[in-house]
Amino acid sequence: MFIDFIEKLNKYKYKVKTETSVFYVYQSDLRKYSIKEGREFSDEIYERLVKETLIPRARKKALDILSRADCSEADLRKKLSLKNYLPDVIEDAVNYVKKFNYINDERYAENYLNYRGKTKSIRQIKTELLSKGIDHNIIENVLTDGSNEEEALRNLLKKKIKNPEDMDEDKIKKIYAYLYRKGFSTELIREGLSDYLSNT
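Under the numbering used here, the letters of the sequence shown match residues 822 to 1021, in that order.
Okay, here's the thing in C-alpha coordinates:
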(Lines of atoms letter the chains of each structure in order from A and count residues from 1; the text may use other names and numbers.)
(Lines give C-alpha, C1' and ligand atoms only; values in the text may rest on other atoms or scores of the structure.)
Protein backbone atom coordinates (compact mmCIF):
# COMPACT_ATOMS: atom_id res chain seq x y z
CA MET A 1 0.00 0.00 0.00
CA PHE A 2 1.05 3.61 -0.55
CA ILE A 3 1.28 6.20 2.25
CA ASP A 4 -0.62 9.20 0.88
CA PHE A 5 0.11 11.53 3.79
CA ILE A 6 1.02 11.70 7.45
CA GLU A 7 -0.57 14.40 9.59
CA LYS A 8 0.78 15.39 12.99
CA LEU A 9 -2.16 15.72 15.41
CA ASN A 10 -0.28 16.61 18.58
CA LYS A 11 3.12 16.20 20.17
CA TYR A 12 2.90 12.41 20.03
CA LYS A 13 0.10 11.24 17.74
CA TYR A 14 -0.04 11.03 13.94
CA LYS A 15 -2.76 10.29 11.41
CA VAL A 16 -1.64 8.06 8.53
CA LYS A 17 -3.70 7.81 5.35
CA THR A 18 -3.16 5.10 2.76
CA GLU A 19 -5.07 4.26 -0.42
CA THR A 20 -7.39 1.98 1.54
CA SER A 21 -7.45 3.05 5.18
CA VAL A 22 -6.68 5.61 7.84
CA PHE A 23 -4.94 4.68 11.09
CA TYR A 24 -3.39 6.50 14.02
CA VAL A 25 0.06 5.90 15.48
CA TYR A 26 2.67 7.48 17.73
CA GLN A 27 5.99 8.92 16.66
CA SER A 28 7.80 5.81 17.91
CA ASP A 29 5.60 3.68 15.61
CA LEU A 30 6.61 5.76 12.59
CA ARG A 31 10.24 4.98 13.31
CA LYS A 32 9.73 1.33 14.27
CA TYR A 33 7.78 0.43 11.13
CA SER A 34 9.49 2.91 8.78
CA ILE A 35 6.22 4.65 7.96
CA LYS A 36 7.01 7.55 5.64
CA GLU A 37 4.85 9.83 3.57
CA GLY A 38 5.03 9.18 -0.17
CA ARG A 39 6.50 5.71 0.31
CA GLU A 40 5.25 2.19 -0.18
CA PHE A 41 4.18 0.35 2.97
CA SER A 42 4.12 -3.42 2.54
CA ASP A 43 1.14 -5.50 3.60
CA GLU A 44 3.48 -7.63 5.70
CA ILE A 45 4.68 -4.66 7.76
CA TYR A 46 1.13 -3.32 8.03
CA GLU A 47 -0.03 -6.67 9.43
CA ARG A 48 2.85 -6.55 11.92
CA LEU A 49 1.81 -3.05 12.97
CA VAL A 50 -1.76 -4.18 13.54
CA LYS A 51 -0.81 -7.38 15.38
CA GLU A 52 2.09 -6.09 17.47
CA THR A 53 0.92 -2.56 18.23
CA LEU A 54 -2.63 -1.54 17.32
CA ILE A 55 -4.43 -4.62 18.67
CA PRO A 56 -2.62 -4.69 22.06
CA ARG A 57 -3.16 -0.95 22.37
CA ALA A 58 -6.90 -1.27 21.69
CA ARG A 59 -7.23 -4.17 24.13
CA LYS A 60 -5.51 -2.11 26.82
CA LYS A 61 -7.77 0.86 26.08
CA ALA A 62 -10.88 -1.35 26.30
CA LEU A 63 -9.75 -2.67 29.69
CA ASP A 64 -9.02 0.87 30.83
CA ILE A 65 -12.52 2.04 29.81
CA LEU A 66 -14.15 -0.88 31.62
CA SER A 67 -12.03 -0.39 34.74
CA ARG A 68 -13.61 3.06 35.16
CA ALA A 69 -17.22 2.12 34.43
CA ASP A 70 -19.25 -0.83 33.18
CA CYS A 71 -20.72 -0.27 29.74
CA SER A 72 -22.65 -2.08 27.04
CA GLU A 73 -20.95 -3.67 24.06
CA ALA A 74 -22.29 -0.94 21.78
CA ASP A 75 -21.01 1.78 24.12
CA LEU A 76 -17.57 0.18 24.22
CA ARG A 77 -17.44 0.00 20.42
CA LYS A 78 -18.43 3.67 20.23
CA LYS A 79 -15.78 4.74 22.73
CA LEU A 80 -13.06 2.80 20.90
CA SER A 81 -14.23 4.25 17.59
CA LEU A 82 -13.93 7.77 19.04
CA LYS A 83 -10.31 6.88 19.84
CA ASN A 84 -9.84 6.24 16.10
CA TYR A 85 -9.13 2.51 16.21
CA LEU A 86 -9.64 0.54 13.00
CA PRO A 87 -12.90 -1.47 12.75
CA ASP A 88 -11.07 -4.83 12.74
CA VAL A 89 -8.99 -3.76 15.72
CA ILE A 90 -12.13 -2.71 17.61
CA GLU A 91 -13.73 -6.08 16.81
CA ASP A 92 -10.71 -7.87 18.25
CA ALA A 93 -10.70 -5.74 21.42
CA VAL A 94 -14.42 -6.33 22.00
CA ASN A 95 -14.07 -10.08 21.49
CA TYR A 96 -11.07 -10.08 23.83
CA VAL A 97 -12.95 -8.52 26.77
CA LYS A 98 -16.05 -10.62 26.04
CA LYS A 99 -13.92 -13.74 26.34
CA PHE A 100 -13.27 -12.86 29.99
CA ASN A 101 -16.88 -11.74 30.54
CA TYR A 102 -15.74 -8.17 31.17
CA ILE A 103 -18.70 -7.01 29.09
CA ASN A 104 -22.05 -8.73 29.23
CA ASP A 105 -25.12 -6.89 28.00
CA GLU A 106 -27.53 -8.98 30.06
CA ARG A 107 -25.59 -8.27 33.25
CA TYR A 108 -25.34 -4.62 32.29
CA ALA A 109 -29.12 -4.40 31.77
CA GLU A 110 -29.79 -6.12 35.12
CA ASN A 111 -27.45 -3.75 36.96
CA TYR A 112 -28.98 -0.77 35.18
CA LEU A 113 -32.46 -1.86 36.20
CA ASN A 114 -31.42 -2.46 39.81
CA TYR A 115 -29.81 0.96 40.06
CA ARG A 116 -32.11 3.09 37.90
CA GLY A 117 -35.35 1.17 38.17
CA LYS A 118 -36.12 2.45 41.65
CA THR A 119 -37.35 5.76 40.25
CA LYS A 120 -37.99 5.08 36.54
CA SER A 121 -40.85 3.65 34.52
CA ILE A 122 -40.53 0.54 32.38
CA ARG A 123 -40.89 2.69 29.25
CA GLN A 124 -38.09 4.99 30.36
CA ILE A 125 -35.79 2.07 31.22
CA LYS A 126 -36.50 0.47 27.82
CA THR A 127 -35.73 3.70 25.97
CA GLU A 128 -32.47 4.24 27.82
CA LEU A 129 -31.25 0.66 27.39
CA LEU A 130 -32.12 0.68 23.68
CA SER A 131 -30.11 3.90 23.31
CA LYS A 132 -27.14 2.03 24.79
CA GLY A 133 -27.43 -0.67 22.14
CA ILE A 134 -28.91 -3.39 24.35
CA ASP A 135 -30.84 -6.00 22.37
CA HIS A 136 -34.63 -5.75 22.67
CA ASN A 137 -34.98 -9.40 23.78
CA ILE A 138 -32.45 -8.91 26.58
CA ILE A 139 -34.36 -5.84 27.77
CA GLU A 140 -37.68 -7.69 27.76
CA ASN A 141 -36.23 -10.64 29.71
CA VAL A 142 -34.62 -8.41 32.32
CA LEU A 143 -37.73 -6.27 32.80
CA THR A 144 -39.96 -9.34 33.07
CA ASP A 145 -37.76 -10.82 35.79
CA GLY A 146 -36.97 -7.76 37.85
CA SER A 147 -39.01 -4.62 37.31
CA ASN A 148 -41.32 -3.15 39.96
CA GLU A 149 -42.95 -0.13 38.41
CA GLU A 150 -45.33 0.43 41.33
CA GLU A 151 -42.38 0.74 43.72
CA ALA A 152 -40.60 3.13 41.34
CA LEU A 153 -43.72 5.30 41.15
CA ARG A 154 -44.07 5.35 44.93
CA ASN A 155 -40.41 6.32 45.35
CA LEU A 156 -40.94 9.28 43.02
CA LEU A 157 -44.08 10.32 44.88
CA LYS A 158 -42.14 10.29 48.16
CA LYS A 159 -39.50 12.46 46.54
CA LYS A 160 -41.91 14.96 44.94
CA ILE A 161 -44.62 15.21 47.63
CA LYS A 162 -43.14 16.50 50.87
CA ASN A 163 -46.47 17.20 52.58
CA PRO A 164 -49.52 15.31 51.23
CA GLU A 165 -51.88 17.53 53.21
CA ASP A 166 -50.83 20.57 51.17
CA MET A 167 -51.66 18.96 47.82
CA ASP A 168 -54.34 20.86 45.92
CA GLU A 169 -55.74 20.17 42.45
CA ASP A 170 -53.07 22.22 40.62
CA LYS A 171 -50.23 20.49 42.45
CA ILE A 172 -51.73 17.08 41.76
CA LYS A 173 -51.98 17.94 38.05
CA LYS A 174 -48.31 18.97 38.00
CA ILE A 175 -47.27 15.72 39.68
CA TYR A 176 -49.46 13.76 37.26
CA ALA A 177 -47.84 15.49 34.26
CA TYR A 178 -44.36 14.91 35.68
CA LEU A 179 -44.99 11.19 36.14
CA TYR A 180 -46.53 10.88 32.69
CA ARG A 181 -43.42 12.45 31.15
CA LYS A 182 -41.41 9.87 33.04
CA GLY A 183 -43.23 7.15 31.09
CA PHE A 184 -45.72 5.84 33.65
CA SER A 185 -49.16 4.86 32.37
CA THR A 186 -52.18 7.02 33.21
CA GLU A 187 -53.81 4.13 35.06
CA LEU A 188 -50.75 3.47 37.22
CA ILE A 189 -50.36 7.18 38.00
CA ARG A 190 -54.01 7.53 38.97
CA GLU A 191 -53.94 4.46 41.22
CA GLY A 192 -50.56 5.34 42.68
CA LEU A 193 -51.49 8.92 43.49
CA SER A 194 -54.79 7.91 45.02
CA ASP A 195 -53.18 5.25 47.18
CA TYR A 196 -50.29 7.48 48.26
CA LEU A 197 -52.46 10.46 49.20
CA SER A 198 -54.92 8.24 51.04
CA ASN A 199 -52.35 6.39 53.10
CA THR A 200 -49.75 8.98 54.04
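Think of the CB as a built atom: it goes at the ideal place given N, C-alpha and C, for glycine as much as any other residue.
Annotation: the continuous beta strand (DSSP E) that includes Glu-828 extends over 824-829. Per the DSSP secondary-structure output, Thr-839 pairs in a beta bridge with Ile-824.
Looking at the DSSP output, Phe-862 bridges to nothing. Setting aside the 5 residues that flank it on each side, Arg-944 is surrounded in the same chain by Gly-1004, each with a C-beta closer than 7 Å to its C-beta; the list follows chain order. With three or more CB-CB distances shorter than 8 Å, the region 957-973 counts as touching the region 925-932.
Check the Cα spacing between Asp-825 and each of Thr-839, Tyr-835, Asn-831, Lys-834: the tightest is with Thr-839. Going by DSSP, Lys-995 is part of the alpha helix (DSSP H) stretching over 990-1002.
Around Tyr-847, the same chain offers Tyr-833, Lys-834, Tyr-835 as residues with beta carbons nearer than 8 Å, after the five sequence neighbours per side are excluded.
Going by C-alpha positions, Glu-861 is about 10 Å away from Ser-855. Secondary structure of Tyr-833 (DSSP, three-state): coil. Under DSSP, Phe-844 forms a beta bridge with Val-837. Asn-976 sits in a helix when the DSSP states are folded into three classes. Membership of Asp-896 in the alpha helix (DSSP H) is indicated by the continuous run 894-903.
The residues Asp-926, Tyr-929, Lys-953, Gly-954, Ile-955, in chain order, have a CB closer than 6 Å to that of Ser-893 in the same chain once the five nearest residues on each side in sequence are set aside. Nearest C-alpha to Asn-935 among Glu-912, Glu-970, Leu-870: Glu-970. For Gly-954, there is no enclosing alpha helix (DSSP H), as DSSP marks it with neither H nor E.
Annotated three-state conformation of Ala-930 is helix, per DSSP. Distance from the Cα of Arg-880 is smallest, within the candidate group Asn-932, Arg-937, Leu-897, Glu-868, for Leu-897.
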